[in-house]
Every structure is written in structure tokens, then in C-alpha cells.
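Everything below concerns the one structure shown next.
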Amino acid sequence: MSQLMEKIELLCGIPIFHTEDEKSAPESVGAFLEQESPFVCAPPLVEMLVKRCESQALPVVYKDEYDVFFICVKGKNGFYLAGPVCTEDLDYAGLNRFYEAYGIAGEEKKHPVKTVLFRILTYAAVISELENGVPLDCEEILKENGLSEEVEAEVEKEDTVLEMRKLDDDMYHHTYQEERHAMESVREGRPGEARRRADALFENAGILSGRKKNHYKNLAVTTVTVCTREAIAGGVSPARAYRLSDIFINRIDRCAETNQLQEYFRKAIYEFASLVAEVKSEKAASSYTEQCKDYIYKNYNRKIYLEEIAEAIGISPGHLSRVFRQDMGMTIQEYIQKFRVERAANLLKYSEASLTEISDYVCFHSQSHFGNAFKRYMKMTPKQYRDQYKEKEFRS
């Protein structure tokens, strides 16, 4: 059976892994590297998928917040996991957020396989039939996983695109010149000009959706994505640019007011331009701080020592400590602890992992240490935070 699964994986290009239960380490059935798989790098993802699979009769087809799909099929001796796979291309910002969320540390960020939703459902059905010998209906898998709206959204999107192509370009798309002026002000770090350009750009922005709120939400998200790229081109480190991008994307996703969405559009251009201006004003020594932060970002879930960071950057530990504290207003160890708390908060919100598992994953040496650190930065205990902010789809 494993050889047949390997052939199916090779034919479709979608990675397949096997695990005995939610606690066991998943193993690749084919040629895909385990260290580059979300199933290996993010144990809470596997635990969530397996628990869902145990609670429903049909295979799990799960779509995460980054529009990436994962499959979980219950077999005779454990569970088959497949993915990641997308129905839409991830832009540069989205791909980086995906890698960050699942703790994948690969230097080359590979885009997940792209296909249509029907083929993802078929893939789940084929894996299940091969393992269990029972043919399944893709429509039933669709309904079981609450993905019927995905199909409707695809149809609506296709209709919108066809309609947009018939509309006059001058009326429904802002001019290239206006866009470039606004983005140049971001890349060159001129926040005052960026604010003025944002107003002009907003007035001429094209229709991106048939619904007014969706239009402004799409416009705001697109603007944040483009501004992120321009900020990086202007000298901002990717970690810093995507941190600001995540802040705006989260605000936009939660926003229900059209007026507020319009304000986010304008404010994003201004804030990214201000960030570039801030970076340009920093001294050369500050680059050590950004390199240090990037190192922490890639290694936060294991023990990190000052000496190893300094060696990786190429300066003495004492000099790195002084520069970092001057730039950040805190020690490196304080920053590491704060960063781990932020990652733990994300897991509390979007996974069903226990507090102990999360504490271990982000590398706190004890449960009490984790609780004290979390309360220090978040002003509440981990349990209180989970009870207050946990996403509905992750509630048991």
C-alpha cells in the first residue's frame, strides 16, 4: 500500500505523510523532505487534523487562514496526511506568512502545489478508497467539511472577473502613474508625500469586487501587500516589513466598517513609508539588531545562546548586546522571551494543543515559567487568553 501511495503522490505532486496518531511524528511516504513539511514542523496542525478526522465519518479537507488546504484520511493503521495544496497563488507576503506560521525554516520558500478544489476533494477520496476500499462522493466530502461556500466563491469570482474585463479600464482601474508615485514615496521613505498620494490613489482605485465592503477590503489587502514589497525594496528587513503587514492584514480581516477599511488603505501607505524613513535614519550598527531578530525568528523554538547569535552575525557577544539594547530598549533574552510569548499566543488562538505542548514547543523550560512570562506581556494567563481569543473553528 505504501508503494501505491508513493505513486499517487508522485503523479499528483501533493505530499503524503503517515502518522499512527496525533502524538506520533509523521513520516513521508514518498520523496518530499520531512523538514520542509508543516506536518513535521507544526505538531499542533497534525493534532488538530487527526482529532477532526476522528470526529467525522469522511476525510478531513481543511483550509487554513492562509488559503492553504490540508487533507487527513483515517486508515487501518493510523492516518494519512496530504498537503499543503492551494487553489490560488500565494503572493510573496502570503508565502512568507505561511512559512512563518508553521515554523518551516527552509531557505528556499517553495510554493505549494496549485490545483482546483475538485481535485483536492478527489485526492482525499482516492487516498481513502485505496486505504479503506470504500468509494466516496466528492460532494459529500465537500459538505462534511463545510466547503460549499468555497465553490460558490469560485463561481462568484469568475463572474466578477468576466464582468471586470468588459468594463472601461479608465473608470475601473487606477492609473499606473498614480500607483507608481504612491509606491515610490513608500520605497523612498517620504511619509508626507505618501499620505497625499494615497488620497489621490484611493479616489481612482478600480472596482475589485461586486460588493462595496469586499471591494474596500480587497483594495486594502492589495495595498498592504504591495507596500510590504516596496518597504523591503526601500531597505526594511523582511521580518520587520511582514510584522507590520500582519498587523494591517489582521485589522482588515476583522473590520466590518467601510469607513474604517478606507482609513486602513490610507494609513497602510503612510505607515510603510514611515517605516522606511525610520530604517533609513538608523545607523549601520542597527543592521546587527535586524540580523539578530531574524536569527531569533528562525530559531525561537530551541535554546538560543548569545554567543551563537554573535558568531552567526560575525561580531562579539558584548558588542551585539550593547547595540541590541540601544536599538530595542531591552536585552536579547528579554526579546526572545517576548517573541516566544507572541508565538505561543498564536498557537493558543489557532490550535488545540495543550498549554504544556505549546510551552514545550516555544521552548519555555517549565509550565510555571511559561505562565509567568505570558502574563507579564499579555496581562492575562494563557488559559484566559485562549478562552477570550480562540477562533470559533478551533473550539471543541
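Using the working numbering, you'd call the opening residue of the sequence shown number 8 and step up by one each time.
Glycine included, every Cβ here is placed at the ideal spot set by N, Cα and C.
Listed in chain order, the alpha helix (DSSP H) elements of length 4 or more contained wholly in the stretch 15-78 are 45-48 and 50-62. Secondary structure note for residue 119: it is in no alpha helix (DSSP H), with a DSSP letter that is neither H nor E.
Secondary-structure assignment with DSSP links residue 87 through a beta bridge to 25 and 80. Proximity to residue 128 across 111, 106, 154 and 367 peaks at 154, based on C-alpha coordinates. Between residue 198 and residue 284, the C-beta spacing is below 8 Å. Sorting 23, 359, 60 and 98 by C-alpha distance to the C-alpha of residue 43 places 23 at the top. Under the three-state reduction of DSSP output, residue 93 falls in the strand class. In this structure the stretch 326-344 touches the stretch 298-311; the number of beta carbon pairs closer than 8 Å is three or more. If you ignore the 5 residues before and after residue 262, its C-beta comes within less than 6 Å of the C-beta of 268, all in its own chain and listed in chain order.
Nearest to residue 310 by C-alpha distance, out of 368, 298 and 50, is 368. Under the 10 Å beta carbon count, residue 288 is surrounded by fewer than 16 other beta carbons and is classified as exposed.
Within the stretch 328-388, the complete alpha helix (DSSP H) segments of 4 residues or longer fall at 339-357, 362-368 and 374-385, listed in chain order.
Just so you know, the alpha carbons of residue 74 and residue 137 end up roughly 27 Å apart. Per the coordinates, the alpha-carbon of residue 281 lies some 11 Å from the alpha-carbon of residue 234.
The continuous alpha helix (DSSP H) containing residue 268 extends over residues 265-288. By the neighbour-count criterion, in which a residue is buried when 16 or more other Cβ atoms sit within 10 angstroms of its Cβ, residue 383 is exposed. When the five nearest sequence neighbours on each side are left out, the beta carbons in the same chain lying within less than 7 Å of the beta carbon of residue 243 are those of 282, 283 and 286, in order along the chain.
Taking all protein chains in view, the Cβ of residue 25 is crowded by 16 or more other Cβ atoms within 10 Å, so the residue is classified as buried. Rounded to the nearest whole angstrom, the C-alpha separation of residue 68 and residue 206 is 42 Å.
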